[in-house]
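Student:
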Amino acid sequence: MSRPSLTDAVQRSLAQCQAQQPWDLIVIGGGITGAGILREGARRGWRCLLLERGDFASGTSNFSSKMVHGGLRYLAQGQWRLTREAAASREQLRQRWPDLITPLPYLFLHRSSDPTPAWAMGLALKLYHYFAQAPALHRPRRLDLASLSKLQPGFSFSAFESAHHYFDAVADDAALVLRTLEEAVQYGAALRHYSPVTELIRDGEQITGVVCQDQTLHARMVINAAGVWADGLHPLPENRVIRPLRGSHLMFHQRDLPLNAALTLYHPEDRRVVFCYPWAGASVLGTTDLDHLADKAQPTQISEEEQRYLLKVLPLLGITKTPPLLASWSGLRPILANSDDNQAPSDASREHLLWQQPGLISITGGKLTTFVAMAEEALALAQQQGLLPTRTAQADQPLQGLPRWDGSLIGDSLVHRHELAYWARHGAIEQLSDLLLRRTRLGWSLGQSLRDYQQEIEQLCNDALGWSQPQWQLQWQQYWQEFERWHGPGHG
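Positions 182 to 673 (my numbering) are the ones given, in order, by the sequence shown.
Right under this line is the structure:
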């Protein structure tokens, strides 16, 4: 079977919407939760359409910490069920998409002042390993400082007394969304981006469709998977609210922070767990965990205070001079809370919530790791309403990754020229940022040095997208306005 083209799929979907035939299922939201629901719905034989207000994977699912883990922190908080489910889900995802979900060694660094003693962390890691049913090779072990420095050279660990070595997994969150959408298209799903839903259609108490760009689209069932924005269309049950928490990250050149493992430690100020880890050919330091009080309809950005907070970790690793910053990102986590909740952000539960009315299911919260289970739960609840037809499900067929091209990497990135050309043609590109920040990670990996490749990228976009010179100049200008406004190294 040939690989589905998102470009062709979006064009077909626009034509299908013009035909005004009712859908079995409309999914609102093109992040990982919506993509998972779309794929499972299409696989079960339903006529499904996904509508995303911006680009696919342009919200929370593009700005996570890129970690597909079982939530060691949740284990310490006593959330055993969430940890067990997430750890098992991590292994299932790793086996399904080994090219997207990759094991990464972690080094949990211990100081005598840590809130959790090293011996207790060792016990927690053993239980964590057991929950995941991970390979014996990944069994956690204690390290002295000499062994630690041998495993991770280039840093000073004199501020620490020992470490634990264990394994978790990292992913490209946007790539995981795109692969899931490609699989949904493979099963016959339709999808549209830059297509905001502005209204739900009602027949009495029942939801019968949506209004999208002044077009009325009817469906037997609507699932609202708009994440942190889900309450805009469907208010939560009484006394429940979505509490947007902002997580921010800093990126550095890999040569300046030469990591081959994720360093995990307690922050010296508030003793929260923070990470410094390799990703996309660069090194990432994160994350913060703050209530986001600004308008959540606007993109988010790191503040100067968050930047100061994160950089305070580096001296503990023997880095006395701050390396040049490559980029930054901030994302909003959809955390469920009671309206009178005053829990500290890092103590808030990452559980998900479903609520409904006839013809409509809404879902928010949860974790990247557990998106498959969340999709299945949402569809099970939708089926209980008795509005969806009985169809024959297709066999589950995971889609493999793009070919492994040799050589021809662009600059210091891990992006191949052939990969960039593929996504330009088949990635449903509307804006240059779609290509450089979400279909590939070229913009993140190169930062300002992307400017050195302007002519090459311009020629590629001209060939694949047919952009004229004025169109290209506008796209290039808008890309840098977006990047420097929201992803620059620090802001006021």
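Glycine residues also receive a C-beta, built at the ideal position from the N, C-alpha and C atoms.
Report the rounded CA-to-CA distance for Gly413 versus Glu380, giving the unit in angstroms.
Tutor: Counted from its first residue, the sequence shown places residue 413 at position 232. Counted from its first residue, the sequence shown places residue 380 at position 199. Answer to the nearest angstrom: the Cα atoms are 10 angstroms apart.
Student: Could you have a look at Arg262 and say whether DSSP puts it in helix, strand or coil?
Tutor: Reading the sequence shown from its first residue, position 81 is the one you call residue 262. Correct three-state label for Arg262: helix.
Student: Using 8 angstroms as the cut-off, can you tell me whether the stretch 215–222 makes contact with the stretch 513–533, which would need three or more C-beta pairs spanning the two stretches below that distance?
Tutor: No, the stretch 215–222 does not touch the stretch 513–533.
Student: My assumption, with CB atoms under 8 angstroms, is that Leu285 sits in contact with Val351. Please give the rounded CB distance.
Tutor: Taking the sequence shown and counting its residues from 1, the one referred to as residue 285 is at position 104. Taking the sequence shown and counting its residues from 1, the one referred to as residue 351 is at position 170. Yes, Leu285 and Val351 are in contact; Cβ-Cβ is about 5 angstroms, under 8 angstroms.
Student: If we count the other Cβ atoms within 10 Å of its Cβ and call it buried at 16 or more, is Glu233 buried or exposed?
Tutor: Here the question's residue 233 lines up with position 52 in the sequence shown. Buried, because 16 or more other Cβ atoms sit within 10 Å of the Cβ of Glu233.
Student: Could you name the residues that DSSP lists as bridge partners for Gln537?
Tutor: Mapped onto the sequence shown, residue 537 falls at position 356. DSSP output for Gln537 lists Ile542 as bridge partner(s).
Student: Looking at C-alpha atoms only, which residue of Asn405, Ser594, Ile423 and Ala299 is the closest neighbour of Lys477?
Tutor: Position 296 of the sequence shown, counted from the start, is the residue given in the question as residue 477. Nearest of Asn405, Ser594, Ile423 and Ala299 to Lys477, Cα basis: Ile423.
Student: Is it buried or exposed, Lys548, if we count other Cβ atoms within 10 angstroms and call 16 or more buried?
Tutor: Within the sequence shown, residue 548 is the residue found at index 367, counting from 1. Buried, since its Cβ has 16 or more Cβ neighbours within 10 Å.
Student: Contact check, Ala355 vs Ser242 under 8 angstroms by CB: the rounded distance?
Tutor: Here residue 355 is taken as the residue at index 174 of the sequence shown, counted from 1. Here residue 242 is taken as the residue at index 61 of the sequence shown, counted from 1. Right, the Cβ-Cβ distance comes to about 7 angstroms (below 8 angstroms), so this counts as a contact.
Student: So Leu498 and Phe336 are in contact, right, with Cβ under 8 angstroms, and what is the actual spacing, rounded?
Tutor: Taking the first residue of the sequence shown as position 1, residue 498 is located at position 317. Taking the first residue of the sequence shown as position 1, residue 336 is located at position 155. Yes, Leu498 and Phe336 are in contact; Cβ-Cβ is about 5 angstroms, under 8 angstroms.
Student: Between the beta-carbon of Ser509 and the beta-carbon of Leu613, is there less than 8 angstroms?
Tutor: Taking the first residue of the sequence shown as 1, we reach residue 509 at position 328. Taking the first residue of the sequence shown as 1, we reach residue 613 at position 432. Their beta carbons are not under 8 angstroms apart, which means Ser509 does not touch Leu613 by this criterion.
Student: Can the beta-carbon of Leu362 be found less than 8 angstroms from the beta-carbon of Leu187?
Tutor: Residue numbering aside, residue 362 sits at position 181 when the sequence shown is read from its first letter. Residue numbering aside, residue 187 sits at position 6 when the sequence shown is read from its first letter. Yes, Cβ-Cβ distance for Leu362 and Leu187 is below 8 angstroms.
Student: From the DSSP output, in three-state form, read off Tyr375 for me.
Tutor: Start at 1 with the first residue of the sequence shown, and residue 375 comes out as number 194. Looking at Tyr375 - three-state DSSP - the assignment turns out to be coil, as it is neither helix nor strand.
Student: Using the three-state DSSP reduction, which class does Asn420 fall into: helix, strand or coil?
Tutor: As a working mapping, residue 420 is identified with position 239 in the sequence shown. Reduced to three states, the DSSP call for Asn420 is coil.
Student: I want to check one thing, is the minimum distance from the CB of Lys493 to the heavy atoms of the ligand MG below 7 angstroms?
Tutor: This structure does not include the ligand MG; it has no bound ligands of any sort.
Student: Taking one C-beta from the stretch 599–616 and one from the stretch 561–572 each time, how about it: are there three or more such pairs within less than 8 angstroms?
Tutor: Touching, no.
Student: Provide the residue span of the alpha helix (DSSP H) that contains Val366, from first to last.
Tutor: As a working mapping, residue 366 is identified with position 185 in the sequence shown. First-last of the alpha helix (DSSP H) with Val366: Asp354 to Gln367.
Student: Please classify Gly673 as buried or exposed, where buried requires at least 16 other C-beta atoms within 10 Å of its C-beta.
Tutor: Your numbering for residue 673 matches position 492 in the sequence shown. Below a pLDDT of 50, predicted positions are generally treated as unreliable, and Gly673, at 42, falls in that range; no measurement from the model is reported.
Student: Assign Asp384 to one of three DSSP states: helix, strand, or coil.
Tutor: On the sequence shown, position 203 is the one that residue 384 refers to. Three-state DSSP puts Asp384 in a strand.
Student: Report yes or no: do three or more beta-carbon pairs, one from the stretch 258–268 and one from the stretch 312–321, lie closer than 8 angstroms?
Tutor: With a cut-off of 8 angstroms, the stretch 312–321 and the stretch 258–268 count as touching, because enough Cβ pairs lie within range.
Student: What does Met402 pair with, by DSSP beta-bridge criteria?
Tutor: One-based indexing of the sequence shown puts residue 402 at position 221. DSSP output for Met402 lists Leu206 as bridge partner(s).
Student: In three-state terms, what does DSSP make of His672?
Tutor: In the sequence shown, the residue the question calls residue 672 occupies position 491. Here His672 scores only 49 on pLDDT, less than 50, and its place in the model should not be relied on; the value that follows carries that caveat. Coil at His672, not helix or strand.
Student: Compare the beta carbon distance of Ala196 and His374 with 8 angstroms and say whether it is the shorter of the two.
Tutor: Reading the sequence shown from its first residue, position 15 is the one you call residue 196. Reading the sequence shown from its first residue, position 193 is the one you call residue 374. Going by C-beta atoms, Ala196 is not nearer than 8 angstroms to His374.
Student: Contact between the stretch 595–605 and the stretch 615–629 is defined here as three or more beta-carbon pairs at a separation below 8 angstroms; is this criterion met?
Tutor: The stretch 595–605, when compared against the stretch 615–629, does touch it at the 8 angstroms Cβ threshold.
Student: Considering only the beta carbon of each residue, do Pro526 and Leu446 sit closer than 8 angstroms?
Tutor: On the sequence shown, position 345 is the one that residue 526 refers to. On the sequence shown, position 265 is the one that residue 446 refers to. Against a cut-off of 8 angstroms, the Cβ pair of Leu446 and Pro526 comes out as no contact.
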